Each structure stands twice: as C-alpha cells, then as structure tokens.
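K.L.:
Here you go, one structure.
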Amino acid sequence: MNKGKIRVGVIFGGRSAEHEISLRSAASIMRVLDPAKYEALPIGITHEGKWFAGPGALAALEAGGVDGMQPVALAGAPAGRALLALEQDRAVPNSAPLDVIFPVLHGPFGEDGTVQGLLELADIPYVGSGVLGSAVGMDKALFKAVMLAHGLPVLPHLLVTRAQWEAAREELLDAAEAGLAYPMFVKPANLGSSVGITKAKDRAALAAGLDEAARYDRRLLVEQGINAREIEVSVLGNDEVIASAPGEIVPSDEFYSYRAKYIDKTSRLLVPAPLPAEMTEWVRDLAVQAFQAVDGAGLGRVDLLLDADAGMPYINEINTMPGFTEISMYPKLWEASGIPYPELIDRLIALALERHADKARNETRFMD
0 MNKGKIRVGV IFGGRSAEHE ISLRSAASIM RVLDPAKYEA LPIGITHEGK
50 WFAGPGALAA LEAGGVDGMQ PVALAGAPAG RALLALEQDR AVPNSAPLDV
100 IFPVLHGPFG EDGTVQGLLE LADIPYVGSG VLGSAVGMDK ALFKAVMLAH
150 GLPVLPHLLV TRAQWEAARE ELLDAAEAGL AYPMFVKPAN LGSSVGITKA
200 KDRAALAAGL DEAARYDRRL LVEQGINARE IEVSVLGNDE VIASAPGEIV
250 PSDEFYSYRA KYIDKTSRLL VPAPLPAEMT EWVRDLAVQA FQAVDGAGLG
300 RVDLLLDADA GMPYINEINT MPGFTEISMY PKLWEASGIP YPELIDRLIA
350 LALERHADKA RNETRFMD
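According to numbering that gives the first Met the number 0, the stretch in the sequence shown is residues 0 to 367, in order.
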C-alpha cells in the first residue's frame, strides 16, 4: 500500500433479494474510487452469507461462482481492523488494516443494522447510518411510526404480520377495506428496490399482493394509494445535514416497480423536479427532518409522495444505503446540486471517519 492512501473495504452482495442491485452499486463506486487517494479491497458476500475477498470478488459473484476465492470473516471484536482468512478451520490475518468500510448492501442482512452492528463490534469506521438509523429506516412500518411521533406527514397504512395473514385472511382483508380505499399498495416492510410491491385495485388483487409480499418478509405493509407524483431528495451529513435538489420519477409502469427501475429502463428521471420554489423547499426540509428523526448518518435518500390533487407532500420511506448504479437517483441529485460523483464518495468516506472519531470520545467505563 502506498503511504497516505486510505484503505477502503467495499462490501457487496449479501443475503437479500437486492443482492444483484448491490453488485451494480458496488461496481459503480469502485469505478470512481480515486486510486491516488484510496486502495480498495473488494469484499463479496454470497446469497448464502459466505464472505470472500480479493480483486476478483465482484466478478465471481456476478458470474455466480466463487470457486478459488479466499473465504474471509470479520471478527466481532476489535482485531486490528483486518479481515481474517478462513483456512482449514483456522482464522489467520488476511489483509492490512482497513481504514474504513463502505457497506454497499441493500435490504436485509446489510442495510438493516446487522452488518453495522458487526462493524461497531469490530471498531471499524463505516459509511452510512449506525445500527439504530439503519434498523428504523429499513422497516417501513416502524419508520412511519417514528415519522408520526415527530409530527411528520405519512399516508394511512396498516401493518400485517405474515402469521396474522395466514391465520385470518378474510378478516384482514375486511380491516384493510374498512380503513383504506382502493387502490392500495402492498409491500414487504423490510425490503427495497420495489421487490415484492404490488398495486391492488380490488380485493382479489389485495389478497394476491399480501401473498407476494409474504414471500419476502414476515411484516407486511398495506398503504393508501393516491394520485401521486414520486419525489426523491438526497441527504448528506452527520450532525449537520444538507439536502439536494429534489428529483421526480415518471415511471414507465403504473408505479416505480422493479421492472421500471432496472429492466425496461424507460422511466424518466426529472432532475431537478419541476416544482414551485415553495414546494421545493418544503420537501427538502421534510427530507432533512426525516433523516434526523431516525438518527441518520452519512447518506440517505428520502422518498416522498406528492398528492397531485391536494398538493400535499407525504414522507414515504428512507433508504439509508440508496442505490449507486449508473441510473440511481442519489448520485444524480447531488451531481445536479453541484457535488460530482467522485467528490460525493470523498465526502461519504470523510463523514464515516468523522462519525467514528466522535463516537470514540464516549467514555466506556464509569468511575465515581
């Protein structure tokens, strides 16, 4: 390693239905990491949860095979900030110490506080929100409860567990119809990239949507549908948070589905969103408030729904590790706001180191 370079571990893949999106995000990030400033160590996690490291880790996961890759692990205790190689049931040091980790993981087992907890135990600085912000941001139902507690606007919704749905289907359909009107959106509470989301226009579609969401999560969310414009705002910072110009998604599908996002690629992204100045500032302020309410750190993308009939914005969800692909809104919004992609990566790494240094000030022993 050249003296002065920051050694960055980039983690990608993972045990999530968003595994493939994570690979795309990581590829984009590693392409723009300045080799004059950083030394990158690719760290891949398979669908089964096995960790591998090395220059070929990304290509191996993209090809669907990791034969010949070095299995590694991260100790759940301070261990010199180095990965451990797994060799014949022994763990031996595998790498030089890592200065910071960029966990480019989307969805469960990565964006939900689990990996963040491991990195906290290992005492390694990392990009993004901590355990609390990640966990609250991941669970859409819990996130909405926190928004309501802070007096922030969200749409009417109903939380259903998979066990409840399997035990009392007709009663829960009745409850949804009593409290909400069609159309309704049905989502897994703990997933992103529009995986498992359906739009229900009648009772049969609502039941089918709950069945689909139950494939991916034990917590299911039914939300009120409105005539909405989909607005997104990127946020950046730790204690001091700034918001980007808002963007608007004009989906090629009935809503911004997985297909509309990643397959047909015909959805339009309007950057900046064509909004009056007052509405622009309103949604930017709501995004910052939402980020701070969950104790977000580093980065986040706040998605809002603007009622096209009533002119009222509602906070829909937050992504604490938003997509970084070539078509992702998070970097696009910052580029439109004057922060190009390479500088954005620089800032995120600096924010990770800043947050870790701030936490290191905490006393861990109590003495009278």
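Beta carbons are placed, not taken as given, at the ideal position from N, Cα and C, and that holds for glycine.
Remember, it's a predicted structure, so these values are computed and weren't measured experimentally.
(1) Which parts of the region 123 to 169 are runs of the beta strand (DSSP E), unbroken and 3 residues or longer, counting only runs that do not cross its ends?
(2) Smallest Cα separation from Leu117: which of Leu172, Ala212 and Pro77?
(3) Would you be able to state if there are at least three C-beta pairs under 8 Å between the region 107 to 116 and the region 13 to 22?
(4) Buried or exposed for Leu75, going by 16 or more other Cβ atoms inside 10 Å?
(5) Please list the segments of the beta strand (DSSP E) lying wholly inside the region 15 to 80, counting only runs of 3 or more residues, in order along the chain.
(6) Measuring only the C-alpha atoms, how far is Asp216 from Asp138?
(7) Is Ala296 closer than 9 Å to Leu350 when the C-beta atoms are compared?
(8) Taking the alpha-carbon positions, what's the Leu172 to Leu97 distance?
(9) Does DSSP put Leu117 in a helix, in a strand, or in coil?
(10) Can you list, in chain order, the residues of its chain whose CB lies under 8 Å from that of Gln163, leaving out five sequence neighbours each side?
(11) Determine, using beta carbons only, whether Glu247 and Leu268 come nearer to each other than 9 Å.
(12) From the DSSP output, read off the bridge partner residues of Glu222.
(13) According to the neighbour-count rule (16 or more other Cβ atoms, all chains shown, within 10 Å of its Cβ), is His149 buried or exposed?
(14) What is the residue span of the beta strand (DSSP E) that Glu231 lies within?
(15) What do you reckon, are the CB atoms on Pro187 and Ala227 nearer than 9 Å?
(16) Could you give the C-beta distance for Ser21 and Val130, rounded to a whole number, given that I count them as a contact under 8 Å?
(17) Hey, would you say Val232 sits closer than 9 Å to Arg161, going by beta carbons?
(18) Do Ile338 and Ile5 have their C-beta atoms closer together than 9 Å?
(19) Alpha carbon to alpha carbon, how far is Glu61 from Ile314?
(20) Put Gly246 into one of helix, strand or coil per three-state DSSP.
(21) Roughly how many angstroms separate the alpha carbons of Ala373 and Leu305, rounded to a whole number?
(22) Helix, strand or coil: which one does DSSP assign to Thr363?
(23) Buried or exposed: Met328, going by 16 or more other Cβ atoms within 10 Å of its Cβ?
P.N.:
On the basis of the data shown:
(1) Listed in chain order, the complete beta strand (DSSP E) runs (minimum 3 residues) inside the region 123 to 169 are 156 to 160.
(2) The closest CA to that of Leu117, considering only Leu172, Ala212 and Pro77, is found on Pro77.
(3) A contact exists between the region 13 to 22 and the region 107 to 116.
(4) Reading off the sequence shown, one finds Gly at residue 75, where the question assumed Leu. Around the C-beta of Gly75, fewer than 16 other C-beta atoms lie within 10 Å, and the residue is accordingly described as exposed.
(5) Those beta strand (DSSP E) runs which fall completely within the region 15 to 80 and span 3+ residues are 37 to 44, 50 to 52 and 69 to 72.
(6) Spanning the two alpha carbons is a distance of roughly 10 Å.
(7) Cβ distance < 9 Å, so Leu350 and Ala296 count as in contact.
(8) Rounded to the nearest angstrom, the two C-alpha atoms are 51 Å apart.
(9) Correct three-state label for Leu117: helix.
(10) Sequence-distant Cβ neighbours of Gln163 in its own chain, meaning closer than 8 Å and more than five residues away, are Leu171.
(11) Taking C-beta atoms as the reference points, Glu247 and Leu268 count as a pair closer than 9 Å.
(12) Bridge partners of Glu222 according to DSSP: His156 and Phe184.
(13) By the Cβ neighbour-count rule, His149 is exposed, with fewer than 16 other Cβ atoms within 10 Å of its own.
(14) Unbroken beta strand (DSSP E) run through Glu231: Ala227 to Gly236.
(15) The answer is no: Cβ separation not under 9 Å.
(16) With a Cβ gap of about 19 Å, Ser21 and Val130 do not count as contacting.
(17) No; because the gap between Cβ atoms is not below 9 Å, this pair is not in contact.
(18) Contact: no.
(19) About 34 Å.
(20) Gly246: strand per DSSP, three-state reduction.
(21) For residue 373 there is no data in the structure shown, the boundaries of the chain being 0 and 367.
(22) Residue state, collapsed to three classes: coil.
(23) Met328 is buried by the Cβ-count criterion.
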